[in-house]
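S.K.:
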Amino acid sequence: MTDPLNVCLEKKSDYDTPGSLHSVGWTRPKKVVLADSSNPMPLDCGVDFYPVTVEYETYGTLSRLKDNAVFIIHALSGDAHAAGWDADWEKDNRPWRRDRPGWWDQMIGPGKAFDTSKYFIVCANLLGSCYGTTGPWEHDPNTGKPYALNFPVVTVEDWVRLQVRLQDYFGIEKLLAVAGGSLGGQQALAWAINYPERIRSAIVLAASARLTAQGLAFNAVGRQAIMNDPFFRNGNYYDTGPPANGLELARMLGHITYLSNQSMEGKFGRRFQNGSQPCYRLNNEFSVESYLEHQGRAFVKRFDANSYLYLTRAMDYYDAAASDGGDLAVTCAAIKARLLLIAYSSDWLYPPRDTRAIARAMLANDKPVSYIEIPSDYGHDAFLLEAGHTMPLVESFLKKV
Amino acid sequence: MSKNIRWDHSLIFELVAPGSSVLDLGCGNGELLARLINEKQVRGQAVEADHNQVSAAFRNGVAVYQGDLDRGLPEFNSKSFDYVILEKTLQVLRMPMLVLEEMLRIGRECIVSFPNFNYNGVVGKLVQSGRMPVTASLPYQWYDTPNIHLFTLHDFLDWISDHQVEMVDGFAGGGLNYRPLVFPDDSTEAEELLFLLKQKIKG
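Line by line, the protein sequences give chains A and B. Under the numbering used here, the first residue of the first sequence is numbered 1, with each subsequent residue one higher. Under the numbering used here, the first residue of the second sequence is numbered 1001, with each subsequent residue one higher.
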């Protein structure tokens, strides 16, 4: 969720370059129409929605038996560009992709956990997001104007339903695995619950069956920041300029939830932005302040405020056991996939006890499950930053699927 | 000490019926359960507290739930496994009675192995030297031992007769060798012990 560029990889040289043996190299996004008037997309909100275009990327080769496909699912601010270097960044006007590889490049590539010399990796952008898949920024064919807030409210289950369409598009009966962290992990769980016959395993990182009240609260304030920005204009800002301050604020707030007290203490402490003395001013005084502002400003350049509203709402709504009266054990009775659950000790957005609850629900059904809590100070972002610890676990799990 | 040369390892492998279900508590690196899964087609689940061991067990392809045995095992259903295994772990637990009770609840049969503190080689050393014994099965100094509950064959048999427990089988072993339990000789001659237990049917 955090831009890895700013958090752990200070030097560009830490990335696998396009020519590296472990990089998937140059990549190009692809698009496919997965819903049209003859085949609309039924959404949980009751709308039969179309048209839906999905942007996706693939790495590796689909085997003749089509039995080596892994769907990687991105989180709130992610995109289909999970690995490698975007050859089309300039054409698509995505300059932020120029200096860094895909968001999970440390995990995806030849010889990595999601080994592209063995597996066929697919990552698709979510419905409602702003990276090529249909979203509020796109023109509504009925009005000729951007959907803005006329875009239907989408859910985690909707996203998974759409990914199943992508699976069908590839003609894949059963995925070897679905994998994701955070909001992506929740989708992986939803896959296991809603489509038990379509996957062999699910890898769920830093995620739970539902967001906590505290998480709901943070999302609510983030949305308020956007909607109270005078530039928001009820979502119709595409001609007049985005609610940049509101989105920046929402991102700063969100960012706090991705870190931990320990990681902030370690990275910034109480350091001043300029030297060792206070400047006795109200703005931009402490390092942590200017870091958050930097994160906020960078985000505004690459994200759509309306998308942020819709995606955080989907994150709010997801509650795997809601239709089972909150009894996750009843919900998990449907699961046939092998499950790998990884929690990170300092994650307080999706705390380990909530990930463990999924494991307990599996055990309550006499189903095997793998659950591990990785000690980490990185907070929620650990699922991106602890690749060194996560990789061998995912690697050995996938080998046995 | 490598786990794969342990006598209780080979014995447990022999005792477990092919195709059965096994819950391995404190599985360590998961070597035993992996072997049971691969060679005896068992349905296996492991529980281990230490995250490094959990990682190691992952690498052996075992489904591991990271959990603390001393908190009990409420997530497991009664009689949900054919065997529950606790291999040389009872003596390191803070709540050994709780864990034994949980094992009997969850497993149709339980396999427990542990070092016998009354073994000649242990007690003899203690009496002769006046110092805490350091042996093959108790290879620690007093200050760094994880073994916080040391006990003897008699202690264990007392527990069996005081609780609703049926002793299905008993073995004595050490190093690579084992044999059926001989009572009362093994009170002092068995270095390590292994029992196959189950809950006594009431009435």
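All residues carry an ideal CB built from backbone N, CA and C; glycine is no exception.
Using a Cβ-Cβ cut-off of 6 angstroms (strictly less than) and excluding sequence neighbours within five positions of THR257 of chain A, which residues of its own chain qualify?
M.R.: Around THR257 of chain A: PHE218, LEU349.
S.K.: Within 10 angstroms of its Cβ, does ALA1136 of chain B collect 16 or more other Cβ (buried), or is it exposed?
M.R.: The residue is exposed, with fewer than 16 neighbouring Cβ atoms inside 10 Å.
S.K.: Relative to the alpha-carbon of PRO1139 of chain B, which residue among B:SER1055, B:MET1095, B:LEU1194, B:PRO1115 has its alpha-carbon at the smallest distance?
M.R.: Selected option, being the one with the closest Cα: B:PRO1115.
S.K.: Kindly list the residues whose CB is nearer than 7 angstroms to the CB of LEU1093 of chain B, restricted to its own chain and excluding five residues on each side of it in sequence; keep chain order.
M.R.: So the list reads LEU1069, ASP1070, VAL1099, HIS1149, once near-sequence residues are dropped.
S.K.: Nearest-angstrom Cα distance between LYS174 of chain A and ALA213 of chain A?
M.R.: Computed Cα separation, rounded: 35 angstroms.
S.K.: For the stretch 151 to 183 of chain A, which residues have a beta carbon sitting closer than 8 angstroms to at least one beta carbon of chain B?
M.R.: For the stretch 151 to 183 of chain A, which is checked against every Cβ of chain B, not one residue is closer than 8 angstroms.
S.K.: Which residue comes first and which comes last in the alpha helix (DSSP H) that contains CYS1027 of chain B?
M.R.: Element bounds for CYS1027 of chain B: n/a, residue is neither H nor E.
S.K.: Tell me which residues share the same chain as LEU247 of chain A and place their Cβ nearer than 8 angstroms to its Cβ, disregarding the 5 neighbours each side in the sequence.
M.R.: Answer for LEU247 of chain A: ALA225, ILE226, ASP229, GLY296, PHE299, VAL300, PHE303, ALA305, TYR308, listed in chain order.
S.K.: With 7 angstroms as the threshold, decide whether the Cβ of GLY1107 of chain B is near any Cβ in chain A.
M.R.: For GLY1107 of chain B, the answer is no, since every Cβ of chain A falls outside 7 angstroms of its Cβ.
S.K.: Quick one: list the residues of chain A neighbouring SER1205 of chain B, beta-carbon separation under 8 angstroms, in chain order.
M.R.: Absent from the model: residue 1205 of chain B. The displayed extent of chain B is 1001 to 1203, so no value can be given.
S.K.: What residues from the stretch 1073 to 1086 of chain B come within 7 angstroms of chain A, judged by C-beta to C-beta, listed N to C?
M.R.: Residues GLU1075, PHE1076, ASN1077, SER1080.
S.K.: Consider the Cβ of GLN1041 of chain B: report whether some Cβ of chain A lies at a distance smaller than 7 angstroms.
M.R.: By this cut-off, GLN1041 of chain B is not an interface position.
S.K.: By DSSP, does VAL47 of chain A sit in helix, in strand, or in coil?
M.R.: DSSP places VAL47 of chain A in coil when its eight states are reduced to three.
S.K.: Which runs of the beta strand (DSSP E) at least 3 residues long sit entirely within the stretch 152 to 237 of chain A? Give them in chain order.
M.R.: Listed in chain order, the complete beta strand (DSSP E) runs (minimum 3 residues) inside the stretch 152 to 237 of chain A are 177 to 181, 201 to 205.
S.K.: Along chain A, in chain order, which residues have C-beta atoms closer than 9 angstroms to that of GLN1053 of chain B?
M.R.: Simply none; closest approach about 10 angstroms.
S.K.: Does the beta carbon of GLU285 of chain A come closer than 7 angstroms to any beta carbon on chain B?
M.R.: It does not: the Cβ of GLU285 of chain A has no partner Cβ on chain B nearer than 7 angstroms.
S.K.: Any idea what DSSP makes of ASP16 of chain A, helix, strand or coil?
M.R.: Three-state result, ASP16 of chain A: coil.
S.K.: Quick one: list the residues of chain B neighbouring VAL369 of chain A, beta-carbon separation under 7 angstroms, in chain order.
M.R.: The answer, in chain order, is ALA1063, TYR1065.
S.K.: Is it right to say PHE1183 of chain B is buried, meaning 16 or more other beta carbons lie within 10 angstroms of its own, or is it exposed?
M.R.: Burial call: exposed.
S.K.: Kindly identify the DSSP beta-bridge partner or partners of TRP26 of chain A.
M.R.: Looking at the DSSP assignment, TRP26 of chain A forms a beta bridge with A:TRP85.
S.K.: For LEU341 of chain A, count neighbouring Cβ atoms within 10 angstroms of its own Cβ and tell me buried if that reaches 16, exposed if not.
M.R.: So LEU341 of chain A ends up on the buried side.
S.K.: Let me know the secondary structure DSSP gives SER1113 of chain B once reduced to three states.
M.R.: Correct three-state label for SER1113 of chain B: strand.
S.K.: Can you find a C-beta in chain A that's less than 7 angstroms from the C-beta of ARG1059 of chain B?
M.R.: Output row for ARG1059 of chain B: interface = yes.
S.K.: Under 8 angstroms Cβ to Cβ from MET1001 of chain B, same chain only, skipping five residues before and after it: list those, please.
M.R.: Note on MET1001 of chain B: pLDDT 36, under 50, position unreliable in the model; the coordinate value appears next. Contacts found: ALA1136, PRO1139.
S.K.: Where DSSP assigns a beta bridge to LYS1088 of chain B, which residues make up the other side?
M.R.: DSSP, once it has assigned bridges, lists no residue as partnering LYS1088 of chain B.
S.K.: Under 8 angstroms, with one C-beta from each stretch per pair, do the stretch 175 to 191 of chain A and the stretch 267 to 274 of chain A reach the 3-pair mark?
M.R.: Verdict: no, contact absent.
S.K.: Mind pulling the chain A residues with CB within less than 9 angstroms of GLN1164 of chain B?
M.R.: Under the 9 angstroms cutoff, chain A gives no residues; its nearest Cβ is about 24 angstroms from GLN1164 of chain B.
S.K.: In three-state DSSP terms, what is ILE121 of chain A?
M.R.: DSSP places ILE121 of chain A in strand when its eight states are reduced to three.
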